[in-house]
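Accompanying notes for the structure given below.
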Amino acid sequence: MKILVCLKQVPHQDARLDVNGDGTWIKEDGIKFEINSYDTYALEEALRIKDAGEAEVVVASIGPDRVTQALRTALGMGADRAVHVNDAACQGSDALGIAKTLAAIAKEESPDLILMGLMSDDGNASAVPPMVAELVGMPSATAVVATERSEGNIRVERELEGGAVEVVDVPTPCLLAVQSGLNQVRYASLKGIMAAKKKPLDVKTAADLGVADAVGTAGAKVKIEKIYQPLRGEGAEILSGSTDEIVSSLMNKIKELGLL
Amino acid sequence: MSILIVTEIQKGAIREASYELVAFAQKMGVEYASLVIGSGIDGLASEFGGKGGGKTFVADDASLENYNVDGYSAAIQAAVAASGASMVLISNTPSGWDVAPRVAAALDAGFVSDVFDYQDGNFVRRVFNGKLDAQVSSSGSATVVSVQPGAIAAFEGTTDGSTETVSVDTSGARARFVEIKLADAKGVDLSKAEVIVSGGRGVGDPEKFAEVIQPLADALGGAMGASRPVVDAGWLPHEYQVGSSGQVVTPKLYIACGISGAIQHLVGMKGSNFIVAINKDADAPIFEFAQLGVVGDLFEVVPALTAAIAAAKG
Ligand SMILES: Cc1cc2nc3c(=O)[nH]c(=O)nc-3n(C[C@H](O)[C@H](O)[C@H](O)COP(=O)(O)OP(=O)(O)OC[C@H]3O[C@@H](n4cnc5c(N)ncnc54)[C@H](O)[C@@H]3O)c2cc1C
Ligand SMILES: Nc1ncnc2c1ncn2[C@@H]1O[C@H](COP(=O)(O)O)[C@@H](O)[C@H]1O
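Chains as they are written, first to last, in the working numbering: chain S, 8 to 267; chain L, 902 to 1215.
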């Protein structure tokens, strides 16, 4: 069995976000990056299937040089092989451009299962996984919070609102986009990190994958015109002063609300 | 350009979010038609047509009774062809985000997700989990747009409606609906609490919930809540989770500690009577929705407040 996990490297959740010079993205230099949180659950799911039997886990990511780090981490956690689409021409791709690139990898690899995250923590699009499924002709399910595998089928629970779930039978090969909390994600062991250095990491370009026309700003139908700090409206009254002063203001409010 | 509004049925009725799509299309000032998908839905479709939907396409088939991605995708594509629409508007709900990107890829269309406004010809959406906003444009022969539920007031008037059947071939459907399982009965029912003190990822570890968050909740005679990462990490069970995939709460006082204020958390607590946010990041989106804010370390403020309440009680 072969499992393809697509993961994105995104700014660290606690990174300082400053808008870049032309106001279309954030300043990326000097900040820390990490594997998109949702994708760590996808990778963990793949590694659990591998632990339970025979599976080759291939990780794929599109992004600049820094992405090597994310892929090495994934290999350190137990993935077998990595594909890195490292191509300046991909910069500014929209979700469809990313999906076409990942679909081209999927067609080369013909996996039995593709696992992705529900959403990226930077773009918050929730767009790429169902697009890839459509482009490769696989059934798909998103917001997966539980899986149960049987011959030719994965029974998944999809998260709905308010804690309800929808149970769906998805025949394999298929693509699942997983929700956070699906499992508890492992750390890369020191031994794993050492072993990862010897694992194959292929670097490709959009042209190698035959998707040069679909990627980059030129190929994108959807473009970010402007990115900015939200207009915060009225917002909160911010309490200032020493901790004692802040606490006494909070106490006054609590009394005023009749809660003491 | 014209728009196709894809409605959603929930508990036997067209959900509020679908009427919000009508308002969104009207805000864009573009001609639109609507689509209702389901089984035995003629009545719902003509009702929607008269209450904002206008010309309403009906994809009615026994196999469409429950949401399934392949059948719904086929229905939407059939209605796009029948209506000649070049833009699809759909709500960003669990079925919306499941099917919309598939439709976009099938139509080779741009996809703009989870928008909350339309300004100067651009779609406006949140990025970085609410920390920044983006204005996004779309070009090309077709675009699929998903709209955040609750972002824009629903259309409430009447319109001239008509219905037209679209036939859908659902024989190629692969993923099969089995059942819906409702949330388990809650051991912790936050909906009745007068005061909720919630902790987020900023609380750092499970022990700190017991040492810092729970004591403040106890001192105020209230309940403890949490954001999703806390539950995902297994620090607290799901019944403590506040938000779109947890509980919706409306206490007299909600104190958010180390919670950034992502939209999925906000929808669960923004109806609270009074909101206090304690966060060390002055730019955290939670401050937009709180009435009182403390920019600072929760580990200083929360224990001091707990002590002050204990002292006041004597
Ligand atoms: C479909 C879907 C459903 C979801 N459902 C929910 C849901 O029901 N509920 C929910 O909560 N989320 C939900 N989410 C997740 C949501 O998008 C956010 O990821 C989540 O709410 C973030 O939680 P947080 O604020 O605790 O963490 P973060 O966003 O990481 O914020 C942590 C905050 O703590 C602050 N902080 C750190 N240390 C301190 C300190 N010492 N003192 C003070 N402040 C500190 C930081 O400044 C930061 O603002 C959902 C997401 C999706 C896609
Ligand atoms: N550049 C990328 N490289 C690899 N996978 C990606 C990339 N962008 C998005 N994905 C995958 O698509 C998922 C959803 O991302 P998005 O549609 O951007 O919100 C992510 O969780 C990843 O699994």
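Just so you know, even glycine gets a beta-carbon here, dropped at the ideal spot from N, CA and C.
In this text, all values refer to a predicted model and were calculated from it rather than measured experimentally.
Please name the residue in the options whose C-alpha comes closest to that of residue i.
i: V1067(L); options: I1097(L), K1181(L), R1077(L), K956(L); result: K956(L)
i: S1038(L); options: A1054(L), D1018(L), D1106(L), V1149(L); result: D1018(L)
i: E948(L); options: A1076(L), I1187(L), T1060(L), A1074(L); result: T1060(L)
i: V1168(L); options: A986(L), A983(L), T994(L), Q911(L); result: T994(L)
i: V1203(L); options: K1181(L), A1134(L), A1185(L); result: K1181(L)
i: F40(S); options: E52(S), G30(S), D72(S), N160(S); result: D72(S)
i: V1004(L); options: A132(S), S127(S), L142(S), E166(S); result: L142(S)
i: D46(S); options: L267(S), Q236(S), V74(S), M126(S); result: M126(S)
i: G997(L); options: L922(L), F1110(L), F1024(L); result: L922(L)
i: G1147(L); options: V1195(L), A1127(L), A1010(L); result: A1127(L)
i: G1062(L); options: D943(L), F1175(L), G953(L); result: G953(L)
i: A81(S); options: A150(S), I200(S), T108(S), E232(S); result: I200(S)
i: L1121(L); options: A1209(L), L945(L), P1186(L), G972(L); result: A1209(L)
i: K912(L); options: E966(L), F1190(L), E1095(L); result: E966(L)
i: V17(S); options: G60(S), A227(S), G70(S); result: G70(S)
i: G226(S); options: G99(S), L11(S), N93(S), M258(S); result: G99(S)
i: A1010(L); options: L122(S), D119(S), A134(S), I121(S); result: A134(S)
i: C109(S); options: C13(S), A96(S), V65(S); result: Before going on, a small fix: residue 109(S) reads as Leu here, not Cys. Of the listed residues, the one whose Cα sits closest to L109(S) is C13(S).
i: C1158(L); options: G1197(L), E917(L), S1072(L), D1085(L); result: G1197(L)
i: A37(S); options: A95(S), D25(S), N43(S); result: Correcting the residue identity first, residue 37(S) is Gly in this sequence and not Ala. For G37(S), the nearest C-alpha among the options comes from D25(S).
Could you tell me which residues DSSP pairs with residue i in its beta bridges?
i: R88(S); result: V65(S)
i: S147(S); result: L182(S)
i: L905(L); result: A934(L), V989(L)
i: E155(S); result: R162(S)
i: G1194(L); result: I245(S), A1178(L)
i: I1187(L); result: Beta-bridge pairing links I1187(L) to no other residue.
i: T957(L); result: S935(L), T1064(L)
i: I1210(L); result: Answer is none; I1210(L) lacks a bridge partner.
Please compile the residues from chain S whose C-beta is within a distance smaller than 8 Å of the C-beta of residue i.
i: G1194(L); result: G242, A243, E244, I245, L246
i: H1139(L); result: G170
i: G951(L); result: Here the premise fails: no neighbours, minimum Cβ distance about 27 Å.
i: E1057(L); result: Under the 8 Å cutoff, chain S gives no residues; its nearest Cβ is about 23 Å from E1057(L).
If we ignore side chains and look at the alpha-carbon of each, how far apart do residue i and residue j end up?
i: D1222(L); j: I991(L); result: This structure gives no information on residue 1222(L), because the portion of chain L shown stretches from 902 to 1215.
i: E115(S); j: T1151(L); result: 52 Å
i: R23(S); j: E1065(L); result: 52 Å
i: A1001(L); j: S1047(L); result: 7 Å
i: A1076(L); j: Y968(L); result: 10 Å
i: Q1036(L); j: A213(S); result: 27 Å
i: G1041(L); j: A184(S); result: 27 Å
i: M84(S); j: A976(L); result: 42 Å
i: V288(S); j: Y235(S); result: Outside the displayed span of chain S (8 to 267) sits residue 288(S), for which this structure offers no information.
i: L189(S); j: A980(L); result: 35 Å
i: L1083(L); j: E173(S); result: 9 Å
i: K1214(L); j: I245(S); result: 26 Å
i: A150(S); j: E164(S); result: 8 Å
i: A1006(L); j: V1069(L); result: 19 Å
i: I231(S); j: T31(S); result: 6 Å
i: I1114(L); j: G1100(L); result: 7 Å
i: G985(L); j: G951(L); result: 21 Å
Interface residues of chain L around residue i at Cβ under 8 Å?
i: E41(S); result: By Cβ distance, chain L contributes nothing, its closest Cβ being about 13 Å from E41(S), past 8 Å.
i: D209(S); result: By Cβ distance, chain L contributes nothing, its closest Cβ being about 25 Å from D209(S), past 8 Å.
i: M138(S); result: P1002, R1003, A1005, A1006, F1012
i: T75(S); result: Correct list: empty, because the minimum Cβ distance to chain L is about 23 Å.
i: A219(S); result: Here the premise fails: no neighbours, minimum Cβ distance about 16 Å.
i: S187(S); result: R1129, P1130, D1133
Which residues in chain L have a C-beta closer than 9 Å to the C-beta of residue i? List them in chain order.
i: V174(S); result: F1078, V1079, E1080, I1081, K1082
i: L24(S); result: F1029, K1032, L1033, D1184
Please list, in chain order, the chain L residues whose beta carbon lies closer than 7 Å to that of residue i.
i: V92(S); result: Correct list: empty, because the minimum Cβ distance to chain L is about 18 Å.
i: M258(S); result: A1209, A1213
i: E141(S); result: R1003, A1006, A1007
Hey, would you say the C-beta of residue i is under 8 Å away from at least one heavy atom of ligand 3?
i: G188(S); result: With respect to ligand 3, the structure shown offers nothing to examine, as its ligands consist of ligand 1 and ligand 2.
Using the beta-carbon of each residue, which ones in chain S are nearer than 7 Å to residue i?
i: W998(L); result: S133, T149
i: P995(L); result: A150, R165, E166, L167, E168
Would you say residue i lies against chain C (beta-carbon separation less than 9 Å)?
i: F1188(L); result: Looking for chain C here will not work: the only protein chains present are S and L.
Could you list which residues in chain S have their beta carbon closer than 9 Å to that of residue i, in chain order?
i: K1153(L); result: L264, G265, L266
i: E1108(L); result: Ordered by position in chain S, no residue passes the 9 Å Cβ test against E1108(L), which lies about 17 Å from the chain.
i: L1121(L); result: I261, L266, L267
Item to check | Unbroken stretches of the alpha helix (DSSP H), 4 residues or longer, contained in the segment 972 to 1010 of chain L | outcome: 995 to 1007
Checklist entry - What are the complete beta strand (DSSP E) segments, minimum 3 residues, inside the segment 159 to 235 of chain S? => result 160 to 166, 172 to 178, 181 to 185, 208 to 211, 229 to 235
Item to check | Ranges of the beta strand (DSSP E) found wholly within the segment 1023 to 1095 of chain L, counting only runs of at least 3 | outcome: 1023 to 1028, 1033 to 1039, 1044 to 1048, 1063 to 1066, 1077 to 1082
Next on the checklist: Quick check for students: name the residue ranges of the beta strand (DSSP E) that lie wholly in the segment 1098 to 1154 of chain L, counting only runs of 3 or more.
Outcome noted: 1124 to 1127
Item to check | Those runs of the alpha helix (DSSP H) which lie wholly inside the segment 9 to 67 of chain S and span at least 4 residues | outcome: 44 to 59
Checklist entry - Residue ranges of each beta strand (DSSP E) run of no fewer than 3 residues wholly in the segment 101 to 145 of chain S, ordered along the chain? => result 120 to 124
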